[in-house]
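K.L.:
Quick one: the structure is below, and I'll ask about it shortly.
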Amino acid sequence: METLFAALEGTALAQALRASRWGYAAVNAAHIFAIALLVGSVVPLNLRLLGVWRGIARETAVRLLAPVAASGLALALLTGPLLFAVRAREYSGVGFLQLKLALIAVAVLSTLALCRSHGFLLKDAPRARLAGHALVSMVCWLGALVCGRLIAFAGD
364 METLFAALEG TALAQALRAS RWGYAAVNAA HIFAIALLVG SVVPLNLRLL
414 GVWRGIARET AVRLLAPVAA SGLALALLTG PLLFAVRARE YSGVGFLQLK
464 LALIAVAVLS TLALCRSHGF LLKDAPRARL AGHALVSMVC WLGALVCGRL
514 IAFAGD
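In our numbering, the protein residues as written are 364 to 519.
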């Protein structure tokens, strides 16, 4: 794996990001924006699934917030690997990164399973299933957010 990570660090894109203060800063800012979109929409959506804001139809909340969350996830999945590539060998050994990736995987797979079982709008999903999913999702996304921030403090 060390060879793979060294090769990743040696790519032209990783070298360009390492050499460009503003290029790296732009990718980093895009990653932070992606996380803001993702977590900023997932938290209220999960709160609605837990029963908060019952005056807002679940379908309305899903139609509004799920595409924003998906857009944030897509942007994070584009920018995260770019940030990783800059210091792949160092980051690969950071436990917080490994935990972050595991939490993201659980959150995404949980959401895909819920939508597969009950459709995108979750019309027929039992309240208990929605609440369980919302709790798992909140723990995973907020945990990933914290782990992502702690990566900066885990080295050296």
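From the three backbone atoms N, C-alpha and C, an ideal C-beta is built for every residue, glycine too.
Since the model is a prediction, treat every value here as computed from it, not as a measurement.
(1) For residue 419, which three-state DSSP category applies?
(2) If we count Cβ pairs, one from each stretch, closer than 8 Å, do we get three or more for the region 431 to 438 versus the region 395 to 414?
(3) Within 10 Å of its beta-carbon, does residue 486 have 16 or more other beta-carbons around it, so buried, or fewer, so exposed?
(4) Check each candidate in 474, 505, 506 and name the one with the smallest Cα separation from residue 492.
(5) Can you have a look at residue 514 and say buried or exposed, based on whether 16 or more other CB atoms are within 10 angstroms of its CB?
(6) Which residues in the same chain as residue 394 place their Cβ atom closer than 7 Å to its Cβ, once the five residues preceding and following it in sequence are excluded?
(7) Write down the C-beta distance between residue 497 and residue 412 rounded to the nearest angstrom, noting that I regard them as a contact closer than 8 Å.
(8) When the Cα of residue 467 is compared with those of 425, 383, 505, 386, which residue comes out closest?
(9) Confirm, please, whether the CB-CB distance from residue 451 to residue 507 is below 9 Å.
(10) DSSP on residue 457, reduced to helix/strand/coil?
(11) DSSP three-state label for residue 500, please.
(12) Output the boundary residues of the alpha helix (DSSP H) element that contains residue 368.
(13) Report all residues from its chain with a CB closer than 7 Å to the CB of residue 407; omit the five preceding and five following residues, and keep chain order.
P.N.:
So, from the listed chains and residues:
(1) Taking the sequence shown and counting its residues from 1, the one referred to as residue 419 is at position 56. Coil at residue 419, not helix or strand.
(2) Touching, per the Cβ criterion.
(3) For the purposes of this step, residue 486 is identified with residue 123 of the sequence shown, where counting begins at 1. Residue burial annotation: residue 486 is exposed, with fewer than 16 other C-beta atoms found within 10 angstroms of its C-beta.
(4) On the sequence shown, position 129 is the one that residue 492 refers to. Closest in C-alpha terms to residue 492, from the list 474, 505, 506, comes 474.
(5) As a working note, residue 514 is residue 151 in the sequence shown. Looking at its Cβ environment, which holds 16 or more other Cβ atoms inside 10 Å, residue 514 is buried.
(6) For the purposes of this step, residue 394 is taken as residue 31 along the sequence shown, with counting starting at 1. Cβ neighbours of residue 394 beyond the five flanking positions: 439, 442, 443, 446.
(7) Along the sequence shown, one-based indexing puts residue 497 at 134. Along the sequence shown, one-based indexing puts residue 412 at 49. Distance from residue 497 to residue 412 at the Cβ level is roughly 4 Å; contact confirmed, criterion being Cβ atoms closer than 8 Å.
(8) Taking the sequence shown and counting its residues from 1, the one referred to as residue 467 is at position 104. Closest by alpha carbon: 505.
(9) Counted from its first residue, the sequence shown places residue 507 at position 144. Counted from its first residue, the sequence shown places residue 451 at position 88. Cβ atoms of residue 507 and residue 451: not closer than 9 Å.
(10) Stepping through the sequence shown from its first residue, residue 457 is reached at position 94. Shown here, residue 457 sits in coil according to DSSP, grouped into three states, outside any helix or strand.
(11) Within the sequence shown, numbered from 1, the residue matching residue 500 stands at position 137. Residue 500 falls in the helix class under three-state DSSP.
(12) Locating residue 368 in the sequence shown gives position 5, counting from the first residue. Membership of residue 368 in the alpha helix (DSSP H) is indicated by the continuous run 365 to 372.
(13) If you number the sequence shown from 1, residue 407 lands on position 44. Cβ neighbours of residue 407 beyond the five flanking positions: 428.
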